[in-house]
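Numbering (the working numbering), first residue to last: 1 to 448.
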């Protein structure tokens, strides 16, 4: 069974790419004008004093900022200038990192099906392969941002400032300097960044070739090769996603640390990947391209959407509650800043947890295509919001605003993602008949 890329969907993806690029370009122009306006920062501080002089800062720090604001000799002034300049890059990074991580998580989830000898999911494995096909494109986008950061194109990662690791410089930071000896140094950071993209890309190519070969030559040896490839990728993914979360997101706040951050980020990507798998499967079913997909498969995908949403909430709460209760300055400031500068921070729990819990608990609900489809859309947007809250406070601080830059970047990456994924799906045989569990998946029925 083959899917023909719908001309309407193809046109829609091109419109999103062009519209996103135009909006993003206008946003860059407007942001550039803000950077040149000497009054912009002053106006922002005076309009939103709660963002700049919140309770998460010491009284001495607040007094220093307010005293020196007009003379521009505020020690924070250069940081604020960097925050304003960072916004275009931060908007692009948020959308790019989310899409890249989602596609890698889809490949991971696919490999889990093969490694666990899962039978129910074989009908939708080609959908996961299609989502994973975005990995090389998303990797290139991320590497553009990474190399621009390393060579002075932006100031997203302020630990890259050489003055912070120079003992003779007044800005010397012993905490960052100690980390630079082991992990946070530009050569190592760049090398690891390239390695993450190469590992995910190679894994995607390896798995897709193995599944294609299994269709062509239906023998046990090819299945064992696919099984081995899946197990190897699961291990490599687990190591890579850990380093990727540290390098690309947690290092935006180099003084902050969390021992479960990598699991938290991985689950956020994973629940979005499962939600997208359900959305695309329902769409293909309605198009007549995935007739074997039924409410039993949909029910199990919805169970994973529900279960991973609960797991995400558990990890978020563990990270938040333990650090908030311990009240260690290096840890708790992460949440204090978001509480003061991002008033909608905690509202993402409504979308990513409470609504999912209230709506998707029932087994019967999970069999309603329209509801699962739109819950999937909500979950994806909710977890984009999650990564927005991870990246933007560190990159732009109080100078955030969900405007043309953020909308443009999201539309551009979304359009590109749609085109790449559906182009890949249109080239795949959506019925993996060579898989030994294909028949089991065809007749699969969940009894409850």
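Beta carbons are placed, not taken as given, at the ideal position from N, Cα and C, and that holds for glycine. All figures in this text were calculated on a predicted structure; none of them were measured in a lab.
Exposure of residue i, with buried meaning 16 or more beta-carbon neighbours within 10 Å
i           : result
residue 71  : Bear in mind that the predicted position of residue 71 carries a pLDDT of just 49, short of 50, making it unreliable; the figure below should be weighed with that in mind. It is exposed - the Cβ of residue 71 has fewer than 16 other Cβ atoms within 10 Å.
residue 326 : exposed
residue 163 : exposed
residue 90  : buried
residue 300 : buried
residue 187 : exposed
residue 346 : exposed
residue 269 : buried
residue 383 : buried
residue 203 : buried
residue 86  : buried
residue 33  : exposed
N-terminal and C-terminal residue of the alpha helix (DSSP H) that residue i is part of
i           : result
residue 28  : 7-36
residue 338 : 329-341
residue 118 : Unbroken run through residue 118: none, as it is neither H nor E.
residue 40  : 40-47
residue 224 : 220-248
residue 196 : 186-216
residue 175 : 174-182
residue 130 : 125-132
residue 439 : 438-442
residue 362 : No alpha helix (DSSP H) contains residue 362, which DSSP labels as neither H nor E.
residue 138 : 135-150
Close Cβ partners of residue i (< 8 Å) along its chain, the five nearest in sequence each way excluded
i           : result
residue 450 : Lying before the first or after the last residue shown, residue 450 is absent from the chain, which here runs from 1 to 448.
residue 82  : 155, 158
residue 160 : 149, 150, 186
residue 404 : 23, 24, 26, 27, 30
residue 61  : A caution first: residue 61 carries a pLDDT of 47, below 50, which makes its placement in the model too unreliable to give a value.
Whole-angstrom C-beta distance between residue j and residue i, which should lie under 8 Å
i           : j           : result
residue 153 : residue 421 : Not quite, the Cβ-Cβ distance comes to about 29 Å (not below 8 Å), so this is no contact.
residue 96  : residue 134 : That belief does not hold up - the Cβ atoms of residue 96 and residue 134 are roughly 11 Å apart, past 8 Å.
residue 214 : residue 434 : 4 Å
residue 113 : residue 94  : Their Cβ separation, rounded to whole angstroms, is 29 Å, which puts residue 113 and residue 94 out of contact at 8 Å.
residue 385 : residue 351 : 7 Å
residue 415 : residue 20  : 6 Å
Cβ neighbours of residue i in the same chain (closer than 7 Å, five flanking residues each side left out)
i           : result
residue 407 : 23
residue 365 : 359, 371
residue 183 : none
residue 5   : 422, 423, 426
residue 390 : 249
Simplified DSSP assignment, three categories, for residue i
i           : result
residue 467 : Because residue 467 is not part of the residues shown, which for the chain are 1 to 448, the question remains open.
residue 2   : strand
residue 398 : coil
residue 280 : helix
residue 76  : coil
residue 307 : helix
residue 382 : helix
residue 301 : helix
residue 445 : coil
residue 259 : coil
residue 83  : helix
residue 166 : coil
residue 155 : coil
residue 414 : helix
Own chain partners of residue i with C-beta closer than 6 Å, once the 5 adjacent residues on each side are dropped
i           : result
residue 244 : 196
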